[in-house]
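Each residue of the sequence shown is one higher than the one before, counting from 4 in my numbering. All residues carry an ideal CB built from backbone N, CA and C; glycine is no exception. Accompanying notes for the structure given below.
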Amino acid sequence: MVAGESWGRWPRTDQRIVTLTYRADALPSGAPLLAYGNGRSYGDVCLNDGGTLLHTRGIDRFIRFDVATGVLECEAGVLLSDIISLTLPHGWFPAVTPGTALVTVGGAIANDVHGKNHHRAGSFGHHLHGFCLRRSDGSSIECSATQNRDWFEATIGGLGLTGLISTASLQLRRVPGPWIEGDSLRFSNLQEFFELETASASDFEYTVAWLDCASRGDKLGRGIFVRGNHAPHDGAVPRERVRRLPWTPPVSAVSGLTARLFNRLYYHRRSAQQHGAVWHYRPFLYPLDAILNWNRLYGPQGFFQYQCVLPRDAATTALPQMLRRIAAAGQGSFLAVLKQFGSQPSVGWLSFPRPGVTLALDFPNRGAVTLALLDDLDRITQAADGAVYPAKDARMSAPAFQQYFPAWRRLEAYMDPRFSSSFWRRVTRRSS
Ligand SMILES: Cc1cc2nc3c(=O)[nH]c(=O)nc-3n(C[C@H](O)[C@H](O)[C@H](O)COP(=O)(O)OP(=O)(O)OC[C@H]3O[C@@H](n4cnc5c(N)ncnc54)[C@H](O)[C@@H]3O)c2cc1C
4 MVAGESWGRW PRTDQRIVTL TYRADALPSG APLLAYGNGR SYGDVCLNDG
54 GTLLHTRGID RFIRFDVATG VLECEAGVLL SDIISLTLPH GWFPAVTPGT
104 ALVTVGGAIA NDVHGKNHHR AGSFGHHLHG FCLRRSDGSS IECSATQNRD
154 WFEATIGGLG LTGLISTASL QLRRVPGPWI EGDSLRFSNL QEFFELETAS
204 ASDFEYTVAW LDCASRGDKL GRGIFVRGNH APHDGAVPRE RVRRLPWTPP
254 VSAVSGLTAR LFNRLYYHRR SAQQHGAVWH YRPFLYPLDA ILNWNRLYGP
304 QGFFQYQCVL PRDAATTALP QMLRRIAAAG QGSFLAVLKQ FGSQPSVGWL
354 SFPRPGVTLA LDFPNRGAVT LALLDDLDRI TQAADGAVYP AKDARMSAPA
404 FQQYFPAWRR LEAYMDPRFS SSFWRRVTRR SS
């Protein structure tokens, strides 16, 4: 058994690791099995305590790329960063990408990931021509919107439970180059955030806001709104510099005090207010990828991310409630992100994106106090009829999950009988 952890470094689990190197490798015997992509999920959706993790980074071959149509076929362990390296010189880019390019295609399908362009492009599942799903009985199912459609919809956002995705065919989008042009605008409160979203949605491919979650009183809900479009530009491409934290601090470097200081400085920095700015896609789309192991900043106890989506109307009262609760707890994070999802229905039965506003925050793991805070946030999300994102979760209760994702029972019928995860066992636990 090997100790394992995901991006939040909590919980720690023990499991057997089997590394797959070819897409047709036989699946090992025993149960439960679970595919593992690049471990960029924050909680236990990619962990399998007491079972076997199938490491898929070894199945990372490109199969076919049509430079005329932007259709790419590849194995499921290919990273989005590898796709960009191959296709951007030909003017193609992933149609949807999360805030890190260091995720595999299999992981992006299984969580049906979304990006800063959800309001325009939907989520990852909207841009899939199809994929091959391998089952533990030795069968393979070709899945697309027209072939085995139920398996297609069960597997997109299906949390790795329907089997092993071995290959996928993706539709990329045309871009003029590596540059993104747009604006960065301060807003003073949530009302102004919503006005900026409404004013920007139809003209900008990417919109997202950073929120100062340590502010209170009349500064509550202030932040910086960023919007941009792919655009031609002649600048020199900056050299890719990836740094690493040389060591893990013995306690979290993120505390109430450092978070308050960081948030204040970040809000007031000069570049927070600029029109017609030009960014390279890396700092714009993937600012956190510049420090490879930034998750170690939170120390050996790790951290939680809380990401919820709230229906737009309910968000007007639920968001200030959450921000007040977070500020009062003194546990605000550096990285609070606010984004309005579009109204396009997700393809997957268990996909997280749905119309509304999504808020994501990091909290150092301080044990019971942090768990109590997150339970309070869940109560607000539940009352607002929202949902919490499984890819970011390590602690939501079974009743909360089942309220957020009522289609979970439908997924059960499509699960591979030999596949399971620590997350799934936790959120489907029957109360005795
Ligand atoms: C800095 C950062 C920013 C992020 N920003 C966003 C964001 O903006 N939007 C967003 O949606 N998410 C975001 N995420 C979360 C991340 O995109 C997802 O958790 C993603 O699924 C991780 O992919 P992975 O390859 O690391 O898969 P893992 O985390 O290893 O696994 C994720 C799930 O995929 C399943 N899986 C993996 N490979 C396969 C396969 N071949 N077949 C079947 N199932 C498989 C696993 O079983 C698991 O259930 C972010 C994460 C980080 C660290």
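Consider the C-beta atom of residue i and the heavy atoms of ligand 1; say whether any pair is separated by less than 6 Å.
i: Tyr39; result: yes
i: Arg230; result: no
i: Ile168; result: yes
i: Thr431; result: no
i: His117; result: yes
i: Arg43; result: yes
i: Thr149; result: no
i: Val5; result: no
i: Gly389; result: no
i: Leu291; result: yes
i: Asn114; result: yes
i: Leu23; result: no
i: Gly109; result: yes
i: Pro101; result: yes
i: Trp509; result: The chain is shown only over 4 to 435; residue 509 falls outside these bounds and no answer can be derived.
i: Leu295; result: no
i: Gly163; result: yes
i: Cys311; result: no
i: Val106; result: yes
i: Trp10; result: yes
i: Ala445; result: Since the first residue of the chain shown is 4 and the last is 435, residue 445 is not available in this structure.
i: Ala394; result: yes
i: Cys146; result: no
i: Thr210; result: no
i: Cys49; result: yes
i: Thr59; result: yes
Apart from the five residues on each side of it in sequence, which residues of its chain come closer than 6 Å, Cβ to Cβ, to residue i?
i: Tyr209; result: Lys119, Asn120 and Gly231
i: Phe404; result: Val430
i: Ser423; result: Pro35
i: Thr22; result: His58 and Gly61
i: Val229; result: Ser187 and Val211
i: Leu295; result: Val245 and Arg247
i: Ile383; result: Ala321, Gln324 and Met325
i: Phe65; result: Cys77
i: Arg413; result: Trp352
For residue i, which residues in the same chain have their Cβ closer than 8 Å to its Cβ, ignoring the five residues on either side in sequence?
i: Ser435; result: With a pLDDT of only 47 at Ser435, under the threshold of 50, the placement of this residue in the model should not be trusted; the figure read from the coordinates follows. Contacts found: none.
i: Val281; result: Trp182, Ile183, Glu184, Ala234, His236 and Gly238
i: Trp154; result: Leu136, Ile144, Cys146, Thr165 and Tyr417
i: Trp213; result: Gly226, Ile227, Val229, Tyr269, Leu338, Ala339, Val340 and Leu341
i: Pro179; result: Gly94, His233, Ala234 and Pro235
Report all residues from its chain with a CB closer than 7 Å to the CB of residue i; omit the five preceding and five following residues, and keep chain order.
i: Ile20; result: Val5, Leu56 and His58
i: Gln385; result: Ala403 and Gln406
i: His130; result: Ala98, Val99, Leu173 and Gln174
i: Phe127; result: Val99, Ala111, Ile112, Asp115 and Val116
i: Ser425; result: Thr16, Asp47, Leu50, Asn51 and Asp52
i: Gly33; result: Thr55
i: Ala275; result: Ser187, Arg189 and Ile227
i: Arg123; result: Glu208 and Gly345
For ligand 2, is there a heavy atom less than 6 Å away from the beta-carbon of residue i?
i: Pro314; result: The model on display carries ligand 1 but not ligand 2.
With 7 Å set as the bound, which would you pick, yes or no: does the beta-carbon of residue i sit closer than that to a beta-carbon of chain D?
i: Lys222; result: The chain inventory of the structure shown lacks chain D, comprising one protein chain alone.
Check your understanding: What are the start and end residues of each continuous alpha helix (DSSP H) run of 4 or more residues lying completely inside the region 40 to 96, in chain order?
Key -> Fully enclosed alpha helix (DSSP H) runs of no fewer than 4 residues occupy 83 to 90 of the region 40 to 96, in order along the chain.
Check your understanding: Three or more C-beta pairs closer than 8 Å, one from the region 213 to 223 and one from the region 134 to 151: is that the case here?
Key -> no
Check your understanding: Using 8 Å as the threshold, is the region 82 to 89 in touch with the region 98 to 109, meaning 3 or more CB pairs across them?
Key -> yes
Practice item. Specify whether the region 383 to 391 and the region 302 to 318 touch according to this definition: at least 3 beta carbon pairs, one from each stretch, less than 8 Å apart. Key: yes
Review point. Would you call the region 158 to 167 and the region 411 to 420 in contact, with 3 or more CB pairs under 8 Å?
Key: The answer is yes - the region 411 to 420 touches the region 158 to 167, with three or more Cβ pairs under 8 Å.
**Study point:** Segments assigned beta strand (DSSP E), at least 3 residues, entirely inside the region 272 to 336
**Key:** 277 to 283 and 306 to 313
**Study point:** Ranges of the beta strand (DSSP E) found wholly within the region 225 to 255, counting only runs of at least 3
**Key:** Entirely contained in the region 225 to 255, the beta strand (DSSP E) runs reaching 3 residues are, in chain order, 226 to 233.
Practice item. State whether the region 32 to 51 contacts the region 59 to 77, with contact taken as three or more CB pairs (one from each stretch) at a distance under 8 Å. Key: yes
**Study point:** Segment contact flag, the region 262 to 277 with the region 334 to 349, C-beta cutoff 8 Å, min 3 pairs
**Key:** yes
Check your understanding: Can at least three beta-carbon pairs, one atom from the region 44 to 53 and one from the region 4 to 12, be found at a separation below 8 Å?
Key -> Cβ pair count under 8 Å is three or more, so yes.
Point to revise | In chain order, each beta strand (DSSP E) run of at least 3 residues that lies wholly inside the region 106 to 149 | key: 131 to 137 and 143 to 146
Review point. With a cut-off of 8 Å, do at least 3 Cβ pairs link the region 167 to 181 to the region 90 to 104?
Key: yes
Check your understanding: Counting pairs of Cβ atoms below 8 Å between the region 375 to 384 and the region 281 to 301, do you hit three or more?
Key -> no
Check your understanding: Pairing CB atoms from the region 356 to 363 with CB atoms from the region 314 to 325, are three or more of them under 8 Å?
Key -> yes
Point to revise | Any alpha helix (DSSP H) of 4 or more consecutive residues that is wholly inside the region 330 to 384 | key: The region 330 to 384 contains no whole alpha helix (DSSP H) run of 4 or more residues.
Point to revise | Inside the region 152 to 230 only - alpha helix (DSSP H) runs reaching at least 4 residues | key: 152 to 158 and 193 to 203
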